[in-house]
Ligand SMILES: Nc1nc2c(c(=O)[nH]1)N[C@H]1C(S)=C(S)[C@@H](COP(=O)(O)OP(=O)(O)OC[C@H]3O[C@@H](n4cnc5c(N)ncnc54)[C@H](O)[C@@H]3O)O[C@H]1N2
Ligand code: MOO
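Here it is, written out as C-alpha cells:
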C-alpha cells in the first residue's frame, strides 16, 4: 500500500537515461553447459563436434540376412565372421558382422535345404536381378559425419532437430550463451490469486503475466514467491528466494533447487509509505540503488538495485500498467545485456493526435494504429490493463508533447508485431531512375505466343 509518497522526488533519470543505464550496468552472463532438455531456444556458444563417427558402426538398413558372396549361403550364427557363401540373420540397425558384404532383404531370400538336408539361404521371393549388390542395404559407418566434423555451428539458435542431432551424436550437454534466470517476489497483503476480488482486495495480474513477458524479453522465468506487506517477509524473501531443505515438510518431495537467480523482480512496495519496503530491504542487505525513480509516467517509482551477491533487483511498481512500463523500460535492456543481446533501437510512429506538453516527464502511452496513425488507447490508467491489452505498441511522448501528424518515438510490444517502417518522404529523382534504366522493347511486340 502506498501512503503519500513524494511523487517525482527521486525521479533521477530520464526515460532514455534509465534504459541506457539498465543496459550498461550488466555484463553478459558467461556461456556454460546445459543439459539437452534445457537447450531449446538457447544460442550455441561453441561449435558442437561429432565425438565419433556417425553412425559409429556399419549397420543393416533392412531386416534379412548379412551375406558374404553369392548364394546359396550356409547359415551361420548371428554376429559371427562370415566366410564366402555364408549368411546370418540380421535386423534393421543390427551390427554388420565381420566378413559381410551386403544385406539380403527378408523378402528376397528363402530358407531351403541343400542336398544333404541342411538349411541354406537362397535367392527367392521378390529378389531383383543382381541382388544383393556389394554394400547393398548396409549403412556405412561415418555416413552422416566423421569424428571431429562440426555438427552445429556456434551461434545457432537451437531448435528441436538440433537437439535431436546432439543426442544422436551422444552428447548430453551443449555449451550455450548465458541467459538470465529471473525469480519473482510478488508482494501485497491485499493481492488475491483466485476468484473475483472483494472490495479492498485486488486480483493478481503479475503471476499469470510476468513469467511470459520475461521469457519474451530473453530471460528464463523462475520461481514465484509471494509475501504480504511485512518487512521481515520481504527481507527473508530477498535474502534467499530458494526453499531450504528444512523448510520442506517430510512429505514434500525434494526437487532439485533452481540455480541462483541473476535477477529478482519484485512487484509493489516501490512507494515511500510505511508498507513500502523495497529500498529499506535493499539497503539492509548491503545492496545499492542503480536507478531510483524515472521521470516517466506511469512507472516513475521503478527501482533497479544490485545486491552484494551480484543479483539485480528490479522493483516494479504495484500498479499493473505502471509495472509493465517499468519492465519495458528497465527490465528489457537489463535482460538484453545479461543475455548477450543489444539495446533495442527506439522506433517512430506518426502521431494521430496532439498531446500537450508535460514538463519534466516522458509519458508512455499504449497506442493503436488507425489508418497508419498512432492513437493513444483508452483505459490506460496506471492501474488498468485494457489499454495495453488492445495496443499495437507504446508511444514515448517527450515532455514537450507532440503535434498531430508528427513522428513520435515508440516501441513495439514484446508479444506484438514490429512497428511498421515509416515510408521515406517522396523522392522524385529516386523514382525516375529505375524507370529510365528499364530496357525499351527493341521492335514491334510479338503476339504469336498467344495463338498457341
Ligand atoms: N501520495 C502518493 N501516492 C502514490 C504515488 C505518489 O507519488 N504519491 N505514486 C503512485 C504511483 S505512480 C504508483 S505506481 C504507486 C506505486 O506503488 P507501490 O509500488 O508502492 O505498490 P503498492 O502501493 O503496493 O500498490 C500499488 C497498487 O498496485 C496494486 N497491486 C499491487 N500488486 C498487485 C498485483 N499483483 N496485481 C494487481 N495489482 C496490484 C495495489 O493493490 C495498489 O492498488 O503508488 C502510487 N501512489
Ligand atoms: O507512475 Mo505510477 O507508476 O503511475 O502508476
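In UniProt numbering, the protein residues as written are 1 to 452. We put the beta carbon where it would ideally sit given N, CA and C, even for glycine.
Local conformation of residue i per DSSP, three classes
i, result
"residue 160", "helix"
"residue 136", "coil"
"residue 175", "strand"
"residue 232", "helix"
"residue 108", "helix"
"residue 13", "strand"
"residue 483", "No statement about residue 483 is possible, as the shown extent of the chain runs from 1 to 452 and does not include it."
"residue 91", "coil"
"residue 239", "helix"
"residue 39", "coil"
"residue 24", "helix"
"residue 329", "helix"
"residue 211", "helix"
"residue 404", "coil"
"residue 395", "strand"
"residue 99", "coil"
"residue 64", "strand"
"residue 385", "coil"
"residue 260", "coil"
"residue 168", "helix"
"residue 320", "helix"
"residue 337", "helix"
"residue 431", "Confidence in residue 431 is poor, its pLDDT being 44 and thus under 50, which makes the residue's placement unreliable; the coordinate value appears in the next sentence. Three-state result, residue 431: helix."
"residue 361", "coil"
"residue 226", "strand"
"residue 122", "strand"
Presumed contact (8 Å Cβ cut-off) between residue i and residue j, rounded CB distance
i, j, result
"residue 31", "residue 263", "Rounded, the Cβ-Cβ distance is 18 Å, inconsistent with contact."
"residue 374", "residue 330", "Not confirmed; about 23 Å, so no contact."
"residue 163", "residue 36", "5 Å"
"residue 28", "residue 340", "4 Å"
"residue 299", "residue 188", "Residue 299 to residue 188, Cβ: 17 Å. No contact."
"residue 411", "residue 391", "Residue 411 to residue 391, Cβ: 11 Å. No contact."
"residue 393", "residue 416", "7 Å"
"residue 43", "residue 222", "Contact doesn't hold; Cβ gap of about 19 Å is too wide."
"residue 181", "residue 77", "About 55 Å; that fails the 8 Å criterion."
"residue 152", "residue 47", "7 Å"
"residue 307", "residue 287", "4 Å"
"residue 335", "residue 217", "5 Å"
"residue 315", "residue 266", "5 Å"
Residue burial classification, residue i (beta-carbon count within 10 angstroms, cutoff 16)
i, result
"residue 377", "buried"
"residue 93", "exposed"
"residue 128", "exposed"
"residue 150", "exposed"
"residue 480", "Residue 480 cannot be examined here, being either before or after the span of the chain that is shown, 1 to 452."
"residue 290", "buried"
"residue 467", "This structure does not reach residue 467, given that the chain is present from 1 up to 452, and the question cannot be answered."
"residue 103", "buried"
"residue 348", "buried"
"residue 108", "buried"
"residue 484", "No answer is possible for residue 484: it lies beyond the span of the chain, which begins at 1 and ends at 452."
"residue 133", "exposed"
"residue 196", "exposed"
"residue 135", "exposed"
"residue 400", "exposed"
"residue 194", "exposed"
"residue 179", "buried"
"residue 40", "exposed"
"residue 112", "exposed"
"residue 283", "exposed"
"residue 379", "exposed"
Length of the line joining the Cα atoms of residue i and residue j
i, j, result
"residue 431", "residue 405", "Confidence in residue 431 is poor, its pLDDT being 44 and thus under 50, which makes the residue's placement unreliable; the coordinate value appears in the next sentence. Distance between the alpha carbons of residue 431 and residue 405 is about 24 Å."
"residue 407", "residue 54", "57 Å"
"residue 210", "residue 313", "15 Å"
"residue 342", "residue 409", "18 Å"
"residue 285", "residue 276", "16 Å"
"residue 125", "residue 158", "46 Å"
"residue 224", "residue 206", "10 Å"
"residue 91", "residue 71", "19 Å"
"residue 402", "residue 237", "43 Å"
"residue 228", "residue 190", "8 Å"
"residue 26", "residue 261", "14 Å"
"residue 296", "residue 24", "20 Å"
"residue 397", "residue 273", "29 Å"
"residue 170", "residue 51", "8 Å"
"residue 56", "residue 167", "14 Å"
"residue 192", "residue 203", "5 Å"
"residue 141", "residue 59", "8 Å"
Using the beta carbon as the reference atom, which residues fall closer than 6 Å to any heavy atom of ligand 2, ordered along the chain? Cβ atoms closer than 6 Å to ligand 2 belong to 297, 298, 299, 300, 301, 317, 319, 322, 382.
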